[in-house]
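Heads up, the thing below is written out as structure tokens.
Residue numbers (this note's numbering): 2 to 303.
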């Protein structure tokens with residue numbers, strides 16, 4: 002049985018019969034569930050999550066080895082991801098460090114791969130036409146694909162955060178921590194901020210997700226769509242480091258990614274956080290609309 006048939010089988014046949022051509026909400030939920038399961042079962046997805054989980058382990062072990070003589074910081078002269086100097090005092094800082102280390106490349110790369118393969122991969126495998134034969138509708142299918150990518154953004158971020166929390170608890174002490182502002186907060190408060198930071202990081206990837214979805218509608222080659230999306234992410238981040246482009250940089254989707262560090266201030270500094278979330282919403286709206294315009298008029302032949 003094909004995936005499209007399996008999804009269709011989860012729907013309410015009576016509800017579909019009442020409104021021909023318009024699937025029931027239960028059928029839509031079945032389609033979303035099928036997309037989530039299919040995405041998470043792919044070896045490529047599991048490998049990406051494995052790499053993301055390994056980054057905090059490598060960072061934690063490196064810091065532990067670097068400070069095994071009792072020193073509180075490494076020999077890097079303060080260089081490295083944000084919060085790395087505080088890890089030895091409190092393992093919870095490994096969560097913030099791991100997110101800061103993975104956000105510039107590893108997380109957007111993983112999201113770019115999943116997003117780029119979302120439509121183009123189905124077309125390349127010859128399953129896209131069969132999905133559209135079922136009463137999904139192109140808009141509903143596209144929304145389901147984007148929802149699946151958003152769920153992956155959250156899952157990937159939580160994998161990094163949870164891995165970092167476990168490694169931090171095993172290798173370093175836990176307890177009250179000092180914010181960037183110099184105030185002390187409880188471990189429970191710090192844990193809550195870590196969760197909030199993970200949610201902000203996941204939301205910071207929504208622009209990349211929409212960009213990848215749009216690129217995926219332009220080609221029938223999943224590899225080409227994935228490579229293009231990841232290439233665009235790298236290019237934008239390179240442009241974001243060129244001083245001569247300072248007037249354009251606030252409009253790059255990656256410009257405010259590291260603003261999540263402001264959640265570790267007391268009180269929290271919201272300006273850049275709001276700018277980041279607003280920018281991600283803008284990219285999601287623009288490229289989501291472009292993906293819809295392309296996909297709903299695309300001639301599906303495979």
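Positions of the beta carbon are idealized from the N, C-alpha and C atoms, including for glycine.
Counting C-beta neighbours from all protein chains within 10 Å, is the total for residue 257 16 or more, i.e. buried, or is it exposed? buried
Distance, residue 251 Cα to residue 278 Cα: 13 Å
Excluding five sequence neighbours on each side, which residues of the same chain lie with their C-beta closer than 6 Å to the C-beta of residue 153? 115
Identify the continuous alpha helix (DSSP H) that holds residue 359 and give its terminal residues. The displayed coordinates of the chain run from 2 to 303. Any statement about residue 359 would go beyond what the structure contains.
Rank 42, 50, 180, 90 by C-alpha distance to the C-alpha of residue 64 and give the top, closest one. 90
Going by DSSP, which residues form a beta bridge with residue 42? None, per the DSSP bridge assignment.
As assigned by DSSP and simplified to three states, the class of residue 78: With a pLDDT of 43 at residue 78, under the threshold of 50, the predicted position of this residue should be treated as unreliable, and no value is reported.
Keeping to the same chain, check which residues put their C-beta closer than 6 Å to that of residue 162; ignore five residues upstream and five downstream. 96, 199
Output the residue ranges of the alpha helix (DSSP H) runs that lie fully inside the stretch 210-240 and measure 4 residues or longer, sorted by chain position. 223-240
Cα-Cα separation between residue 292 and residue 221, rounded to whole angstroms: 14 Å
Quick one: any contact between the stretch 156-175 and the stretch 185-199, if contact means 3 or more CB pairs under 8 Å? yes
In whole angstroms, what is the alpha-carbon distance linking residue 79 and residue 174? The pLDDT assigned to residue 79 is 45, lower than 50, so where the model puts this residue is not dependable, and the model offers no usable value.
Cβ neighbours of residue 87 in the same chain (closer than 6 Å, five flanking residues each side left out): 94
Rounded to the nearest angstrom, how far is the Cβ of residue 260 from that of residue 273, given a contact under 8 Å? 4 Å
So, is residue 48 buried or exposed, given that buried needs 16 or more other C-beta atoms within 10 angstroms? exposed
Pull up the distance between the alpha-carbon of residue 110 and that of residue 167, whole angstroms please. 24 Å
Between which two residues does the alpha helix (DSSP H) carrying residue 286 extend? 272-298
Taking residue 120 as part of the alpha helix (DSSP H), name the residues at either end of that continuous run. 107-126
Compute the distance between the beta-carbons of residue 231 and residue 117, then report whether it is under 9 Å. yes
Nearest CA to the CA of residue 182: which residue from 44, 69, 267? 267
Counting C-beta neighbours from all protein chains within 10 Å, is the total for residue 245 16 or more, i.e. buried, or is it exposed? exposed
Alpha-carbon spacing of residue 286 relative to residue 69, whole angstroms: 49 Å
Proximal residues to residue 149 (C-beta, below 6 Å), its chain only, five neighbours per side dropped: 36, 37, 40
Just curious, the alpha helix (DSSP H) that residue 202 is in, first and last residue? 188-205
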